[in-house]
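In the numbering used here, the protein residues as written are 12 to 648.
Ideal Cβ positions, reconstructed from N, Cα and C, are used throughout, including at glycine.
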RNA sequence: GGGCCCGUGGCCUAGUCUGGAUAGGGCACCAGCCUCCUAAGCUGGCAUUCCGCGGUUCGAAUCCGCGCGGGCCCGCCA
């Protein structure tokens with residue numbers, strides 16, 4: 012099975028156990044597997060089986076008796092296998108204890124062999140995924156809700172890569188929206204200077220004013236509609252003003268992304284879609300489908316619509332004829348999204364040229380679609396993930412359904428809406444229109460987190476340089492924010508509260524970072540060197556050591572199971588980012604307990620050496636976990 | 001009218017897919033722990049019976065049905 016590919020010690024132990032049990036109980040391995048669970052208390056055993064309940068029905072015997080019988084024959088077999096310590100019956104439960112010494116050697120040996128590769132697997136090797144996020148309008152700074160999107164998207168990509176996927180990270184830049192027209196109008200009318208302000212913030216503030224005028228003054232609205240129309244013409248003055256404005260804004264937004272450690276491969280700009288001929292190509296394909304027609308009469312005469320009334324799940328729509336192209340020939344958002352989704356899967360030839368938008372701090376360029384530049388081939392993708400708020404569940408579903416109607420069944424099935432709930436204030440959501448995001452931009456939140464962390468760093472490291480203090484404070488702030496956003500299950504709303512975001516204690520990013528810093532210090536002070544070949548790890552058998560070892564052993568499974576759990580639901584595809592945060596938090600907790608309760612450097616040999624190796628295995632595993640979460644690793648804090 | 005999500009101690013939350021042994025954490029609060037590897041830590045205490053009712057089951061926070069409360073969605077808008 013996949014167990015070999017994932018290189019998990021835990022899987023190895025479990026599969027041997029399952030084989031043995033299957034033989035003894037004379038039942039298929041799959042059945043045995045489904046009865047396994049983790050006992051509520053580790054003292055009861057490492058893994059338990061409830062198989063006695065299943066057998067009780069057919070054998071018409073007390074499950075307790077069955078458990079005792081099975082346990083007896085089990086112990087006979089396991090006594091010869093060095094992987095097991097013993098098996099105990101506790102009521103109807105069969106509890107298995109692995110050999111602690113053996114597991115310790117196996118786990119630490121593997122981690123120290125694989126190093127930064129520990130936790131990765133090749134289970135999905137050869138698969139390719141395209142992931143789109145966060146697609147923020149280039150007219151304002153990211154607020155904390157956009158940040159949730161970006162962090163979820165980035166972490167999903169990291170996890171997909173860890174199990175073997177080749178991932179292309181793309182962003183969508185809507186440079187033709189009404190907001191852009193409004194801002195272009197304003198900039199052309201009054202020659203306003205950003206005055207040193209970060210450009211996205213400058214636009215965001217400007218937008219609040221313009222929006223108000225737009226809503227209250229019909230003349231302003233008329234002028235802005237005209238600007239909007241002229242933006243379609245790439246040679247117009249409006250276009251060139253807009254281009255410069257959007258470029259500056261995206262560059263400013265990228266600064267925020269880079270701060271969070273988020274990078275992309277490609278940006279797809281709406282204006283290039285509009286001028287690429289993509290929409291015409293798509294229109295032809297659409298009209299060849301029976302369920303998509305140009306209406307002759309009725310309210311929607313002249314529109315190209317998708318007829319969804321035959322489909323059970325859409326038959327209750329107010330109007331099951333979904334417009335893709337308006338009667339004037341222009342595309343609706345849904346129409347554009349269908350075209351874009353088809354482009355992502357390579358259903359239509361790539362009409363774009365590409366140029367480098369800018370070079371990112373990670374050393375790689377981010378490309379943008381363009382009307383000049385070079386052709387590029389991104390290849391084909393097995394799956395497309397769109398990171399979008401759950402409010403858009405219905406429209407997303409529509410798009411995937413239309414792909415199905417067109418006959419692209421596989422592509423439809425492999426289209427994933429990774430849905431997440433919004434971040435809001437106590438009794439308000441963030442709105443660019445009303446400017447309620449002010450004070451809650453990603454930059455604002457990161458700045459405040461850094462400021463607070465800085466005080467703590469100052470207290471703990473008064474003699475360090477300012478550079479050190481600044482760098483640590485920034486990393487702590489980023490770790491706190493990223494962790495907070497990932498630790499909430501994506502299907503749960505987040506109510507933004509400063510005291511929660513700025514709490515660096517307990518179940519929070521800095522706690523995980525701190526665990527690494529502590530481990531690192533021990534390792535720095537150790538003089539013996541790390542070499543798994545010359546150490547007796549079998550002495551690591553105490554409860555605290557063993558609990559930590561078991562957690563480390565499970566890391567590859569945790570990563571893999573998150574990907575296996577990416578299932579399509581009615582509302583979107585479930586991505587449990589919180590599973591990884593929860594795992595990492597527990598790992599850190601187990602280390603902290605060990606750290607507080609047993610001496611490491613002060614232990615006598617050979618225990619000292621063995622424990623240091625355990626610390627190193629922990630440090631490596633934790634680092635690998637934090638990399639996936641995008642939480643910065645801090646060596647000293 | 002229809003659909004989707006959420007409802008767990010004072011607050012936040014894991015667990016719900018794949019039903020099992022006393023429902024895990026965190027914050028807050030109370031009491032302890034730095035001559036010893038960084039106290040952003042550790043130990044102990046206080047507090048819930050998992051929105052309500054009914055059903056399935058040996059067993060339900062978890063599955064099913066009916067409600068209740070909160071949020072979101074069903075445009076030739078953007």
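*In terms of alpha-carbon separation, which member of 507, 272, 361, 108 lies closest to residue 390?*
361
_Checking 9 angstroms against the spacing of the C-beta atoms, do residue 174 and residue 570 come in under that value?_
yes
*Taking the runs of the beta strand (DSSP E) that are 3 residues or longer, which of them lie wholly in the region 315-387?*
315-318, 332-336, 364-370, 376-381
*Nearest neighbour of residue 642, chosen from 163, 52, 107, 111 [CA to CA]*: 163
*Residues in its own chain within less than 7 angstroms of residue 550 by CB, not counting five upstream and five downstream?*
617, 618, 621
*On the three-pair Cβ rule with 8 angstroms, is the region 498-509 touching the region 165-181?*
no
*Determine the extent of the beta strand (DSSP E) in which residue 391 is found, giving its start and end residues.*
Counting along the chain, residue 391 falls outside any beta strand (DSSP E), and DSSP gives it neither H nor E.
*Is there contact here, the region 130-138 with the region 240-247, by at least three beta-carbon pairs under 8 angstroms?*
no
*From 495, 110, 327, 319, pick the residue whose C-alpha is nearest to that of residue 513; which is it?*
495
_Alpha carbon of residue 595 to alpha carbon of residue 530, nearest angstrom_ = 15 angstroms
*For residue 508, the three-state DSSP class (helix, strand or coil)*: coil
*How would you call residue 185, buried or exposed, if buried means at least 16 neighbouring beta carbons within 10 angstroms?*
buried
_CB of residue 34 within 9 angstroms of CB of residue 94, strictly_ = no
*Any idea which residues DSSP pairs residue 280 with across the strands?*
184
*Enumerated in chain order, which unbroken segments of the alpha helix (DSSP H) with a length of 4 residues or greater are wholly contained in the region 128-193?*
155-173
*Consult DSSP for residue 429 and reduce its assignment to one of helix, strand or coil.*
strand
*Would you list the one or two residues that DSSP bridges to residue 571?*
Beta-bridge pairing links residue 571 to no other residue.
*asked:* Taking the beta strand (DSSP E) that residue 97 belongs to, which residues open and close that run?
replied: 95-101
_Backbone secondary structure at residue 19 - three-state DSSP_ = coil
*Quickly, what does DSSP pair residue 305 with across the bridge? List them, please.*
315
*If you draw a straight line from the C-alpha of residue 410 to the C-alpha of residue 178, how long is it?*
22 angstroms
*Between which two residues does the alpha helix (DSSP H) harbouring residue 435 extend?*
It is not in any alpha helix (DSSP H) - residue 435 instead sits in the beta strand (DSSP E) that spans 434-436.
_Three-state class that DSSP yields for residue 12 in the structure shown_ = With a pLDDT of only 39 at residue 12, under the threshold of 50, the placement of this residue in the model should not be trusted; the figure read from the coordinates follows. Looking at residue 12 - three-state DSSP - the assignment turns out to be coil, as it is neither helix nor strand.
*How is the beta strand (DSSP E) around residue 106 delimited, first residue to last?*
104-109
*If you drop the 5 nearest sequence neighbours on each side, which residues of the same chain put their C-beta closer than 6 angstroms to that of residue 115?*
548, 551, 560
_Unbroken beta strand (DSSP E) run spanning residue 59, endpoints_ = 58-60
*May I have the straight-line CA-CA distance separating residue 210 from residue 448, to the nearest angstrom?*
16 angstroms
_Taking the straight line between their C-alpha atoms, what separation do you get for residue 564 and residue 217?_
53 angstroms
*Keeping to the same chain, check which residues put their C-beta closer than 7 angstroms to that of residue 612; ignore five residues upstream and five downstream.*
533, 536, 537, 619
*asked:* In the DSSP assignment, the alpha helix (DSSP H) including residue 91 goes from what residue to what residue?
replied: Segment: none, residue 91 is in no alpha helix (DSSP H) and carries neither H nor E.
*Applying the criterion that 16 or more other CB atoms from any shown protein chain within 10 Å of the CB defines a buried residue, is residue 269 buried or exposed?*
exposed
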